[in-house]
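*Asks:* Before we start, here is the structure in question, set down as structure tokens.
Here it is in structure tokens:
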């Protein structure tokens, strides 16, 4: 029988002692999950080890921990896989999840962080008017669109290692954002615009996500929370033109317009245009504050020779810029946006019946003012 | 080896020393760069956030140009962000023939067509996988002995692993350490090496953005690093250009230079710091240059 060493982080606040690591040797087959080994250590060696668990089948989302520094469910991480990522090739480090206070050993306070954030997004359907006499009738495609966010089991694994939350604990975070998209993408919901207005204007809302892909990487259910945040942004800017206080709308607009005009990024224009649209926009007090705040950085750039005055004033246009403009015209001129959601359609090379994967047409949402 | 070379916007914009040092280093390591000078911006994830089809079309255009480059074995970039944004679009383009056909219709007026399966690699990957660590070691003219370098990858080149070829190349998130060691320097472990520099939200939440940058820089300093090295020019902007501002958000003095990946390789190949554009950094690279000068004297 293979032997494994678990190096478990122990902490009991009532003792007044700092956290420490304790090792437990376990004999167990490598195809068994890490959770089984933790439970065996608790049953046979130290009954005081704190671990929260229930279904042991990656459904209830209770047993999120960090295994060798990476957040995961202990019940669907096999011992042989865990030991393969051990720093010394032998000892499996098991710690509580991050970004949340520790209650005891491997148990974190999900109420203090995760559930509080979920509450912020109004996690229930807000239907328009009275419910219908019978069931709601919803187009199949519309519900397929929210399937991915509905797969979330609220285990907190994405919250544990969210890098934006590490810097801004107030950040709404990946799990709550995925929950928000679950309702924003639901055609029965009548609060779509309100939801997006709040998430866009909250300084710790959807524009506080840095695109680090950490939540996409660690989610045990394939929810890809960051992708749901990008969809929320796409709905907020593209469908509702919500001009938020965080420069999210203007930044996207400035970036997309610059590429249409020049083909490559005119960096010296991106920053001021993200702060204020046109000359009038730049005279806005918020824009002025941001622009003045950026002056020292701009001057340092000039002083170092990274940035030059000619580079600020002139940007080279791609020789085929007309072709780029044609692409923009064709794609942006479509009555409906086209998105290919691989979570739903999969990769055709991996399909058994080799059916071609049809792109999903996302119905254009109401234009500005119609969504509330 | 000839490669279809996509330098990206920032390496020709606010970090010209990156493009310059790559051009110096390429022939020494056996790379012929066929620059894709008619290609467009990758969108950096922002265009994909705005309209997926638009981002996929723009990057399919670049891939098609790379595939049409005579004699090029693959497409090479020098920006983690380009790598990530382009890989995301490629994943969709390669997954569905029907979707690919539709995107190719958008490219038809230019007589361009993307064929499934372009190989698009960051210079870091090309150096380790196609040129080889042993070859790099054999080319070193100035071992950077005693220089302590903290690696900083940039998110887009390390996550998500299934999209970025980690199944075939599982050690791509250790390549910086491998190259740092191969050129004779010491790779410094610290907690920020695989974290986010914060750049994507610099215009939207400066505090979140520069708290991230500041913490990683501080951690590298505490770990005893002389400099950081990164294969991403956008990370460079937050870690170098914004470093004096980042100090305010972490309430400590910083002042650690940040090298572009080709600059580090270039120093070991014997190029002078000035040739590699190390004078164009906001945080002085003077101390690194002084150490390198002593190494040259001892060589």
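Chains as they are written, first to last, in the working numbering: chain A, 4 to 375; chain B, 24 to 322.
Note that CB positions come from ideal geometry on N, CA and C, so glycine has one too.
1. Using a C-beta cutoff of 7 Å, does residue 258 of chain B count as contacting chain A?
2. Once DSSP output is grouped into helix, strand and coil, what is the label at residue 139 of chain B?
3. When you compare the segment 256-273 of chain B with the segment 247-258 of chain A, are there three or more beta-carbon pairs, one atom per stretch, that lie closer than 8 Å?
4. Compare the C-beta of residue 233 of chain A against all C-beta atoms of chain B and say whether one is closer than 7 Å.
5. Tell me which residues share the same chain as residue 34 of chain A and place their Cβ nearer than 8 Å to its Cβ, disregarding the 5 neighbours each side in the sequence.
6. For residue 128 of chain A and residue 151 of chain A, I'd like the C-alpha separation in whole angstroms.
7. Using beta carbons (cut-off 7 Å, strictly below), is residue 277 of chain A in contact with chain B?
8. Helix, strand or coil for residue 251 of chain B, going by three-state DSSP, please let me know.
9. Can you list, in chain order, the residues of the segment 304-315 of chain B whose Cβ is nearer than 8 Å to any Cβ on chain A?
10. Determine the direct distance from the alpha carbon of residue 306 of chain A to that of residue 315 of chain A, and round the result to whole angstroms.
11. Hey, out of B/242, B/233, B/25, whose CA is closest to residue 266 of chain B's CA?
12. Would you check if the distance between the CB atom of residue 78 of chain B and the CB atom of residue 112 of chain B is smaller than 7 Å?
13. Based on DSSP bridge pairs, tell me the residues matched to residue 28 of chain B.
14. Return the residues of the segment 227-250 of chain B that lie within a Cβ-Cβ distance of less than 8 Å from chain A, sorted by chain order.
15. Return the chain-ordered ranges of every beta strand (DSSP E) run that is complete within the segment 63-101 of chain B and spans a minimum of 3 residues.
16. What residues are listed by DSSP as bridge partners for residue 174 of chain B?
17. Classify residue 294 of chain B as buried or exposed, calling it buried when 16 or more other Cβ atoms lie within 10 Å of its own Cβ.
18. Pull up the distance between the alpha-carbon of residue 105 of chain B and that of residue 288 of chain B, whole angstroms please.
19. Quick one: does residue 267 of chain A have its CB under 7 Å from some CB of chain B?
20. Would a check of beta-carbon distances place residue 198 of chain A closer than 7 Å to chain B?
21. Against chain A, which members of the segment 189-215 of chain B pass a CB distance test of less than 8 Å?
22. Taking Cβ to Cβ, would you say residue 122 of chain A is nearer than 7 Å to residue 171 of chain A?
23. Can you say whether residue 64 of chain B is buried or exposed, counting buried as having 16 or more other CB atoms within 10 angstroms of its CB?
24. Over the uninterrupted alpha helix (DSSP H) stretch that includes residue 72 of chain A, give me the two end residues.
25. Here's the rule: buried if 16 or more other CB atoms are within 10 angstroms of the residue's CB, otherwise exposed. What is residue 4 of chain A?
26. Excluding the 5 residues flanking residue 53 of chain B on each side, which residues of the same chain have their C-beta closer than 7 Å to its C-beta?
27. Helix, strand or coil for residue 105 of chain A, going by three-state DSSP, please let me know.
28. Among A/213, A/31, A/217, which residue has its Cα nearest to the Cα of residue 257 of chain B?
29. Using a Cβ-Cβ distance cut-off of 7 Å, determine whether residue 27 of chain A contacts chain B.
30. What is the residue span of the alpha helix (DSSP H) that residue 1 of chain B lies within?
31. If you count every other CB in all the chains shown that lies within 10 Å of the CB of residue 229 of chain A, and 16 or more means buried, which is it?
32. Compute the Euclidean distance between the alpha carbons of residue 177 of chain A and residue 257 of chain A, then round it to the nearest angstrom.
33. What residue does the alpha helix (DSSP H) around residue 45 of chain A start on, and which one ends it?
34. Please state whether the Cβ-Cβ distance between residue 213 of chain B and residue 242 of chain B is less than 7 Å.
35. On the DSSP letters alone, give me the boundaries of the alpha helix (DSSP H) that residue 348 of chain A sits inside.
36. So residue 71 of chain A contacts chain B; which residues on that side make the cut at Cβ distance below 9 Å?
*Replies:* The short version:
1. At least 7 Å separates the CB of residue 258 of chain B from every CB of chain A.
2. Residue 139 of chain B sits in coil when the DSSP states are folded into three classes, being neither helix nor strand.
3. Note that the segment 256-273 of chain B does not touch the segment 247-258 of chain A; fewer than 3 beta-carbon pairs, one per stretch, sit closer than 8 Å.
4. At least one chain B Cβ lies under 7 Å of residue 233 of chain A.
5. Residues 81, 82, 83 of the same chain have their beta carbon placed closer than 8 Å to that of residue 34 of chain A, with the five preceding and five following residues left out of the count.
6. Taking the straight line from one Cα to the other gives about 17 Å.
7. For residue 277 of chain A, the answer is yes, since a Cβ of chain B falls inside 7 Å of its Cβ.
8. Residue state, collapsed to three classes: strand.
9. Closer than 8 Å at the C-beta level to chain A, one finds these residues of the segment 304-315 of chain B: 304, 305.
10. Distance between the alpha carbons of residue 315 of chain A and residue 306 of chain A is about 14 Å.
11. Selected option, being the one with the closest Cα: B/233.
12. The answer is yes: Cβ separation under 7 Å.
13. Looking at the DSSP assignment, residue 28 of chain B forms a beta bridge with B/58, B/99.
14. Residues of the segment 227-250 of chain B with a Cβ closer than 8 Å to any Cβ of chain A, in chain order: 227, 228, 229, 230, 231, 232, 234, 235, 238.
15. Listed in chain order, the beta strand (DSSP E) runs fully inside the segment 63-101 of chain B are 97-100, counting runs of at least 3 residues.
16. For residue 174 of chain B, which the question treats as bridged, DSSP gives the partners B/252.
17. By the neighbour-count rule (16 or more Cβ atoms within 10 Å), residue 294 of chain B is buried.
18. When rounded, the distance between both Cα atoms is 21 Å.
19. Cβ-Cβ to chain B under 7 Å: yes for residue 267 of chain A.
20. So no, residue 198 of chain A is outside the interface.
21. Within the segment 189-215 of chain B, no residue qualifies.
22. Pairing residue 122 of chain A with residue 171 of chain A gives a Cβ-Cβ distance that is not under 7 Å.
23. By the Cβ-count criterion, residue 64 of chain B is buried, with 16 or more other Cβ atoms from all chains shown falling within 10 Å of its own Cβ.
24. Boundaries cannot be given for residue 72 of chain A, as no alpha helix (DSSP H) includes it and DSSP labels it neither H nor E.
25. An exposed status is given to residue 4 of chain A, since fewer than 16 other beta-carbon atoms sit within 10 Å of its beta-carbon.
26. So the list reads 24, 154, once near-sequence residues are dropped.
27. The answer is strand: DSSP assigns residue 105 of chain A an E or B state.
28. For the residues A/213, A/31, A/217, the minimum Cα distance to residue 257 of chain B belongs to A/213.
29. Chain B, which has no Cβ nearer than 7 Å to the Cβ of residue 27 of chain A, makes this no.
30. With chain B represented from 24 up to 322, any question about residue 1 of chain B goes unanswered, as that position is not in the structure.
31. If you draw a 10 Å sphere on the C-beta of residue 229 of chain A, you find 16 or more other C-beta atoms in it, and that means buried.
32. CA-to-CA, the gap between residue 177 of chain A and residue 257 of chain A works out to about 26 Å.
33. Looking at the DSSP string, the run of the alpha helix (DSSP H) that includes residue 45 of chain A is 37-47.
34. Taking a C-beta distance under 7 Å as the contact criterion, residue 213 of chain B and residue 242 of chain B qualify as a contact pair.
35. DSSP places residue 348 of chain A in the uninterrupted alpha helix (DSSP H) bounded by 345-348.
36. The contacting residues do not exist; residue 71 of chain A stays about 13 Å from chain B at best.
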